[in-house]
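In this note's numbering, the protein residues as written are 4 to 385.
The following block contains the structure:
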């Protein structure tokens with residue numbers, strides 16, 4: 004397969020950025036096959052510049068030059084923390100969020116393929132001792148991202164995991180064997196970052212059985228080999244039965260960031276321009292200027308709310324039109340003090356002082372009535 008373009012990787016190790024090289028991408032794609040028909044959703048939770056997932060989408064959308072692909076669609080989703088790389092990924096993927104993957108709201112089991120090349124290294128220690136001190140050992144970023152990303156994969160979906168081979172400890176290997184069928188593990192052809200490639204298909208049950216033991220034994224055997232003896236991901240045409248077919252995805256999806264910045268909000272408004280004008284028009288039609296009598300008499304609490312919301316303001320005239328005021332309402336908080344005396348017996352008494360917060364409505368009015376003795380003066384209505 005001819006790659007769309009080579010990855011332009013800047014500052015590889017900065018911010019935990021260890022990109023997948025083009026040779027590894029091409030060899031992984033040779034193992035992937037699209038569904039027969041339907042819509043495929045694929046995601047990269049650590050998208051970088053979006054090249055790896057974009058090329059994966061191209062490969063699945065156009066697997067063969069002579070194949071009718073009108074019945075196949077591919078939607079690619081990404082999350083990237085680095086602002087510059089996220090901007091690049093937004094131009095290549097269907098949707099990309101700029102933010103922390105831990106702060107996203109994404110529908111579980113909604114993707115047919117997860118391409119995961121997470122940050123590498125140990126989690127920053129909790130020097131403030133606010134975490135769980137009962138857990139021993141260091142937690143690695145690869146494991147944290149894997150646990151969250153695996154939940155996004157639908158049953159029968161394909162996991163492509165690219166992590167340092169030394170990060171695949173016994174606990175990690177047990178997770179992979181318990182959650183995935185047809186697990187395969189290879190060294191990446193480019194060993195600049197000492198990466199291993201793990202492929203598997205998510206299964207419904209995590210019970211220990213023959214498949215689990217077989218997968219775990221394969222992963223354990225890979226871990227025991229010296230680096231020079233570990234198998235490298237081959238570059239060849241794979242048989243149909245050896246490939247991983249990405250299943251179609253159904254249903255609606257939620258793909259949002261828990262926190263959104265101004266730039267992304269602007270993009271959403273520009274992407275869906277019809278929503279915002281309709282929203283304002285609908286609200287205007289609902290509110291309008293119609294005045295309706297309240298269902299019951301307003302209390303001081305209702306008046307305080309109306310004043311605090313700025314609804315009591317403007318020009319007000321008396322019913323006979325003789326008086327004209329410009330009014331502005333507001334509400335301030337005050338303390339209401341009460342004193343109670345309780346008899347304790349034996350001639351002793353206890354004084355109880357209670358301070359209660361109360362909201363005091365206040366209206367300022369400027370008398371604009373001509374020939375009024377208070378014309379131009381500021382009046383206070385409480």
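A virtual CB, placed ideally from N, CA and C, is assigned to each residue, including glycine.
- Three-state class that DSSP yields for residue 304 in the structure shown: Three-state result, residue 304: helix.
- Query: Per DSSP, residue 259 is paired with what?
  - Reply: The partner list for residue 259 (beta bridge, DSSP) reads 108.
- DSSP on residue 27, reduced to helix/strand/coil? Assigned with DSSP and collapsed to three states, residue 27 falls in helix.
- Message: Would you call the stretch 30-47 in contact with the stretch 79-97, where contact means no fewer than 3 C-beta pairs closer than 8 Å?
- Response: The stretch 30-47, when compared against the stretch 79-97, does touch it at the 8 Å Cβ threshold.
- Is the beta carbon of residue 101 sitting closer than 8 Å to the one on residue 86? In terms of Cβ geometry, residue 101 and residue 86 form a close pair [threshold 8 Å].
- Three-way DSSP call (helix, strand, coil) for residue 36 in this model: Of the three classes helix, strand and coil, the one that applies to residue 36 here is strand, per DSSP.
- Count the other C-beta atoms from every protein chain shown that fall within 10 angstroms of the C-beta of residue 247, then say buried if there are 16 or more, exposed otherwise. Per the 10 Å Cβ criterion, buried.
- In terms of alpha-carbon separation, which member of 339, 303 and 318 lies closest to residue 329? Across the set 339, 303 and 318, the C-alpha of 318 shows the shortest separation from the C-alpha of residue 329.
- Selected residue, minimal CA-CA separation from residue 92, among 64, 112, 105 and 56: Closest option to residue 92, Cα to Cα, is 56.
- Does DSSP classify residue 206 as helix, strand or coil? Note: residue 206 maps to coil in three-state DSSP.
- Item | Counterpart residues of residue 99 in DSSP-defined beta bridges | Paired residues: 81.
- Message: What does the Cβ neighbour count give for residue 24, buried or exposed, with the cut at 16 atoms within 10 Å?
- Response: Under this definition residue 24 is a buried residue.
- Item | Cut-off 6 Å between Cβ atoms - residues of its own chain near residue 339, not counting five sequence neighbours on either side | Counting only Cβ-Cβ distances below 6 Å, and skipping sequence neighbours, we find 359 and 361.
- Query: Among 345, 334 and 351, which has the Cα closest to the Cα of residue 384?
  - Reply: When only C-alpha atoms are compared, the closest one is 334.
- Query: Roughly how many angstroms lie between the CA atoms of residue 180 and residue 225, to the nearest whole one?
  - Reply: Straight-line Cα distance between these residues: approximately 13 Å.
- Query: Secondary structure at residue 245, three-state DSSP: helix, strand or coil?
  - Reply: Reduced to three states, the DSSP call for residue 245 is helix.
- Query: So, is residue 203 buried or exposed, given that buried needs 16 or more other C-beta atoms within 10 angstroms?
  - Reply: Counting Cβ neighbours within 10 Å, residue 203 comes out buried, since at least 16 surround it.
- Between residue 207 and residue 31, what straight-line distance do the alpha-carbon atoms span, to the nearest angstrom? So the two alpha carbons sit approximately 24 Å from each other.
- Where residue 239 sits in the DSSP three-state scheme: The three-state secondary structure of residue 239, taken from DSSP, is coil.
- Message: Beta-carbon within less than 6 Å of residue 165's beta-carbon, same chain only, minus the 5 sequence neighbours each way: which residues are those?
- Response: The answer, listed in chain order, is 23, 120, 198 and 200.
- In angstroms, rounded to a whole number, what distance separates the CA positions of residue 302 and residue 336? A direct Cα-Cα distance of roughly 17 Å separates residue 302 from residue 336.
- Sort 348, 157 and 125 by Cα distance to residue 253 and report the nearest one. Distances from the CA of residue 253 to each of 348, 157 and 125 were compared; the closest alpha carbon is that of 157.
- Query: Which two residues bound the contiguous beta strand (DSSP E) that contains residue 156?
  - Reply: Counting along the chain, the beta strand (DSSP E) containing residue 156 begins and ends at 156-167.
- Could you name the residues of the same chain whose beta carbon sits closer than 7 Å to that of residue 261, not counting the 5 residues immediately before and after it, in chain order? Excluding residues up to 5 positions away in sequence, 106, 107 and 108 lie with their Cβ nearer than 7 Å to the Cβ of residue 261 in the same chain.
- Item | As assigned by DSSP and simplified to three states, the class of residue 172 | Here residue 172 carries a coil assignment [DSSP, helix/strand/coil].
- Message: Distance check for residue 268 and residue 161, CA to CA, integer angstroms please.
- Response: Those two C-alpha atoms are separated by around 32 Å.
- Per DSSP, what kind of secondary structure is residue 316 in: helix, strand or coil? Three-state DSSP puts residue 316 in a strand.
- N- and C-terminal bounds of the beta strand (DSSP E) containing residue 188: Counting along the chain, the beta strand (DSSP E) containing residue 188 begins and ends at 183-190.
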